[in-house]
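**Q** As given, the protein sequences belong to chains A and B, one line each in that order. Residue numbering for the first sequence is 66 to 258, as defined by my numbering. Residue numbering for the second sequence is 66 to 258, as defined by my numbering. We put the beta carbon where it would ideally sit given N, CA and C, even for glycine. Pasting a structure below so you can have a look.
There are 2 protein chains.
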Amino acid sequence: MKRNTKQIIIEKGAEIINLKGFHHTGIQEILDAADVPKGSFYNYFKSKDDFGLQVIDYYVEQFAMLLDKTIKDSTLSPTEKMKKVLLFFMEFYKSKNYAYGCPIGNLSQEMGDLSPVFSEKLRNAGDAMVDSCLVLLEEAQKTGEISPQLNLRETTYFIISSWHGALMRMKVEKSLAPLENHYRYVFDYILRP
Amino acid sequence: MKRNTKQIIIEKGAEIINLKGFHHTGIQEILDAADVPKGSFYNYFKSKDDFGLQVIDYYVEQFAMLLDKTIKDSTLSPTEKMKKVLLFFMEFYKSKNYAYGCPIGNLSQEMGDLSPVFSEKLRNAGDAMVDSCLVLLEEAQKTGEISPQLNLRETTYFIISSWHGALMRMKVEKSLAPLENHYRYVFDYILRP
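Here's what the structure looks like:
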């Protein structure tokens, strides 16, 4: 029960932060959206910063779970699995009217120059995202679906980093075109035999 | 003289906005940084939003001027010109301790979901950046430095969008590694014969 309330605060709060930015969002606003009584915020979080840092942990965990589930799908080849993950997010953003973007990317952008604590957390979060995806590229290299020449860590890093750039553009273009363009270049030019 | 003061306000203001975000920056803070008397802000800008929109125009213009200067350098091949532009920005960010990022990307991230006026301006700004770079890719395709198969607009769009993602990561990593990785993938996998 307690854990559930905390999760609701994180999810609803992250939604507002993604839309408005971390500094531009008040704690009261988060509690209102989560429909949680005033004052209960500090039962779960030491401070607004602590809340922000836990949002990052939560999304890294969610991303790892999604990847893990896809990796275990034995009906798909490694490349098909990667495509499935990207298409899943495209569907998600379409359903959200191309808003929000990725909490890790958004907070990197906003907090990178302002808080060493956030920077370190976000650096680790980015690395964790790379780790989660790396397994798929390793599989793909073993099956020959992608070039044996590719440095897998650098490649994964580039795919995720350019995905964050595409999300940035999606937010002003209000269409899937930037993500579709990213998908095309990743699979036509980088992830190929 | 008047124009000069305006330009100083834009440059100093953009620096703070790039560091702290648009909403998180006050007009007084901008005027203090620009060393301009209180009240003079409204001689140049109708509102804070108007200021933000003019920051975008200013940077699009600066970018176009930089590109134009590089395009005219007849000692370099088209691909060398593109490399020169990216290396110029890498030097710039190194000198700024990997802070700031790009005003167009930062504001797309922050304002994309909040203001249709900013979104439209930023969409056009992104398109203008693509237009500025497109000439170089056209040249490179003519000289055979890059593949005749490449769709030049989509390719330019992908390079700029993934550059913005790399800048996002640079801000938390506090190193050039994300930009160097971007450079490598762009030239090793996309911009080649």
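Find the residues of chain B that neighbour Val125(A), judging by a C-beta separation of less than 9 Å, and give them in chain order.
**A** The residue labelled residue 125(A) in the question sits at position 60 within the first sequence. Simply none; closest approach about 14 Å.
**Q** Taking 8 Å as the CB-CB cut-off, is Ala129(B) touching chain A?
**A** In the second sequence, residue 129(B) corresponds to position 64, counting from 1. No - not a single Cβ of chain A is within 8 Å of the one on Ala129(B).
**Q** State the Cα-Cα distance for the pair Tyr139(A) and Ser226(A), rounded to the nearest angstrom.
**A** Working through the first sequence from its first residue, we reach residue 139(A) at position 74. Working through the first sequence from its first residue, we reach residue 226(A) at position 161. Per the sequence shown, residue 139(A) should be read as Ser rather than Tyr. Whole-angstrom Cα-Cα distance: 27 Å.
**Q** Anything in chain B within Cβ reach of Pro168(A), meaning under 8 Å, just list it in chain order.
**A** Translated into positions along the first sequence, residue 168(A) becomes position 103. Simply none; closest approach about 12 Å.
**Q** I need the DSSP call for Asn210(B), collapsed to helix, strand or coil.
**A** If you number the second sequence from 1, residue 210(B) lands on position 145. Contrary to the premise, residue 210(B) reads as Glu rather than Asn in this sequence. DSSP places Glu210(B) in coil when its eight states are reduced to three.
**Q** I'd like the span of the alpha helix (DSSP H) that includes Leu131(B), first residue to last.
**A** As a working note, residue 131(B) is residue 66 in the second sequence. 113-136 is the span of the alpha helix (DSSP H), which, as asked, contains Leu131(B).
**Q** Identify the contact partners of Glu175(B) in chain A, using a Cβ-Cβ distance below 8 Å as the criterion.
**A** Within the second sequence, the letter at position 110 stands for residue 175(B). What Glu175(B) touches in chain A: Gly86, Gln174, Glu175.
**Q** Would you say the region 91-108 of chain B touches the region 171-186 of chain A, given that touching needs at least three Cβ pairs under 8 Å?
**A** No contact exists between the region 91-108 of chain B and the region 171-186 of chain A.
**Q** Pop quiz: Leu241(A) and Met147(A) are said to be a contact at Cβ under 8 Å. What is the actual Cβ separation, rounded to whole angstroms?
**A** Stepping through the first sequence from its first residue, residue 241(A) is reached at position 176. Stepping through the first sequence from its first residue, residue 147(A) is reached at position 82. Not quite, the Cβ-Cβ distance comes to about 17 Å (not below 8 Å), so this is no contact.
**Q** In the structure shown, what three-state DSSP assignment does Leu241(A) receive?
**A** Within the first sequence, residue 241(A) is the residue found at index 176, counting from 1. In the structure shown, Leu241(A) sits in coil (DSSP, three-state: anything other than H, G, I, E or B).
**Q** Name, please, each residue of chain A whose Cβ falls closer than 8 Å to the Cβ of Pro213(B).
**A** Position 148 of the second sequence, counting from 1, holds the residue named residue 213(B). Result: empty, since nearest Cβ-Cβ is about 15 Å, beyond 8 Å.
**Q** Just the C-alpha distance for Ser209(B) and Val120(B), rounded to the nearest angstrom, thanks.
**A** Mapped onto the second sequence, residue 209(B) falls at position 144. Mapped onto the second sequence, residue 120(B) falls at position 55. The amino acid at residue 209(B) is misidentified as Ser; the sequence shows Gly. Rounded to whole angstroms, Gly209(B) to Val120(B) spans 37 Å at the Cα level.
**Q** So is Phe157(B) buried or exposed if we call it buried at 16+ other beta carbons inside 10 Å?
**A** The residue labelled residue 157(B) in the question sits at position 92 within the second sequence. Exposed, by the Cβ-count rule.
**Q** Could you check which residue in Ser197(B), Tyr163(B), Gly104(B) has the C-alpha nearest to that of Asn83(B)?
**A** Here the question's residue 83(B) lines up with position 18 in the second sequence. Of the candidates Ser197(B), Tyr163(B), Gly104(B), the one whose C-alpha sits nearest the C-alpha of Asn83(B) is Tyr163(B).
**Q** Under 8 Å, with one C-beta from each stretch per pair, do the region 226-235 of chain B and the region 199-206 of chain B reach the 3-pair mark?
**A** Because the criterion of three Cβ pairs below 8 Å is not met, the region 226-235 of chain B and the region 199-206 of chain B do not touch.
**Q** Starting from Pro102(B) and walking both ways along the alpha helix (DSSP H), at which residues does that stretch end?
**A** Residue numbering aside, residue 102(B) sits at position 37 when the second sequence is read from its first letter. It is not in any alpha helix (DSSP H) - Pro102(B) carries neither H nor E in the DSSP assignment.
**Q** Using a Cβ-Cβ cutoff of less than 6 Å, which residues in the same chain neighbour Thr220(B) once the five nearest sequence positions on both sides are dropped?
**A** On the second sequence, residue 220(B) is found 155 positions in, with the first residue counted as 1. Excluding sequence neighbours, Thr220(B) sits near nothing in its chain.
**Q** Over the uninterrupted alpha helix (DSSP H) stretch that includes Pro168(B), give me the two end residues.
**A** For the purposes of this step, residue 168(B) is identified with residue 103 of the second sequence, where counting begins at 1. 168-176 is the span of the alpha helix (DSSP H), which, as asked, contains Pro168(B).
**Q** Smallest Cα separation from Glu245(B): which of Met194(B), Cys198(B), Lys159(B)?
**A** In the second sequence, the residue the question calls residue 245(B) occupies position 180. Selected option, being the one with the closest Cα: Lys159(B).
**Q** Run through DSSP, which three-state label would Tyr108(A) get?
**A** By one-based count along the first sequence, residue 108(A) stands at place 43. One point to set straight first is that residue 108(A) is Asn, not Tyr, in the sequence displayed. Note: Asn108(A) maps to helix in three-state DSSP.
**Q** Using the C-alpha atoms, what's the distance from Asp100(A) back to Asp114(B)?
**A** The residue you call residue 114(B) lines up with position 49 of the second sequence. The residue you call residue 100(A) lines up with position 35 of the first sequence. Whole-angstrom Cα-Cα distance: 32 Å.
**Q** Between the Cα of Cys152(B) and those of Phe223(B), His247(B), Met194(B), Asp97(B), spot the shortest distance and give me the residue it belongs to.
**A** In the second sequence, the residue the question calls residue 152(B) occupies position 87. With the sequence shown as reference, residue 152(B) is identified as Leu, and Cys is not the correct amino acid for it. Of the listed residues, the one whose Cα sits closest to Leu152(B) is His247(B).
**Q** Among the residues of its own chain, which have a CB less than 6 Å from the CB of Tyr123(B), if the five just before and after it don't count?
**A** Taking the first residue of the second sequence as position 1, residue 123(B) is located at position 58. Taken in chain order, the residues that qualify are Ile75.
**Q** Please report whether the beta-carbon of Met147(A) lies at a distance below 8 Å from any beta-carbon of chain B.
**A** Taking the first residue of the first sequence as position 1, residue 147(A) is located at position 82. Not an interface residue.
**Q** Closer than 8 Å, CB to CB, is Phe157(B) near chain A or not?
**A** For this step, residue 157(B) is matched to residue 92 along the second sequence. So, not an interface residue.
**Q** Which value, in whole angstroms, describes the spacing of the CA atoms of Val237(A) and Val251(A)?
**A** In the first sequence, residue 237(A) corresponds to position 172, counting from 1. In the first sequence, residue 251(A) corresponds to position 186, counting from 1. Val237(A) and Val251(A): Cα-Cα distance of roughly 22 Å.
**Q** Any Cβ of chain B within less than 8 Å of the Cβ of Glu210(A)?
**A** Here the question's residue 210(A) lines up with position 145 in the first sequence. No - not a single Cβ of chain B is within 8 Å of the one on Glu210(A).
**Q** Report the neighbours of Lys236(B) on chain A: residues whose CB is nearer than 8 Å to its CB, in chain order.
**A** Counted from its first residue, the second sequence places residue 236(B) at position 171. Within chain A, the residues near Lys236(B) are Ser173, Gln174, Gly177, Asp178, Ser184.
**Q** Return the chain-ordered list of same chain residues with a C-beta closer than 8 Å to the C-beta of Pro168(B), the five sequence neighbours on each side being excluded.
**A** Taking the first residue of the second sequence as position 1, residue 168(B) is located at position 103. So the list reads Ala79, Ile82, Asn83, Val120, Ile121, Tyr124, once near-sequence residues are dropped.
**Q** Please check if any C-beta of chain B sits within less than 8 Å of the C-beta of Pro243(A).
**A** Position 178 of the first sequence, counted from the start, is the residue given in the question as residue 243(A). Closer than 8 Å to some Cβ of chain B, the Cβ of Pro243(A) qualifies, so yes.
**Q** Going by DSSP, what residue range makes up the alpha helix (DSSP H) through Lys161(B)?
**A** Here residue 161(B) corresponds to residue number 96 of the second sequence, with the count starting at 1. No alpha helix (DSSP H) contains Lys161(B), which DSSP labels as neither H nor E.
**Q** What residue ranges within the region 75-99 of chain B form continuous alpha helix (DSSP H) runs of no fewer than 4 residues, ordered along the chain?
**A** Within the region 75-99 of chain B, the complete alpha helix (DSSP H) runs of at least 4 residues are 92-99.
**Q** Asp133(B): which of Ala193(B), Asp97(B), Phe116(B), Leu172(B) sits nearest, CA to CA?
**A** Counting from one through the second sequence, the residue named residue 133(B) turns up at place 68. Here the closest residue by C-alpha is Ala193(B).
**Q** Taking 8 Å as the threshold (C-beta atoms), are Tyr254(B) and Tyr254(A) in contact?
**A** Counting from one through the first sequence, the residue named residue 254(A) turns up at place 189. Counting from one through the second sequence, the residue named residue 254(B) turns up at place 189. In this structure, Tyr254(B) lies closer than 8 Å to Tyr254(A) by Cβ.
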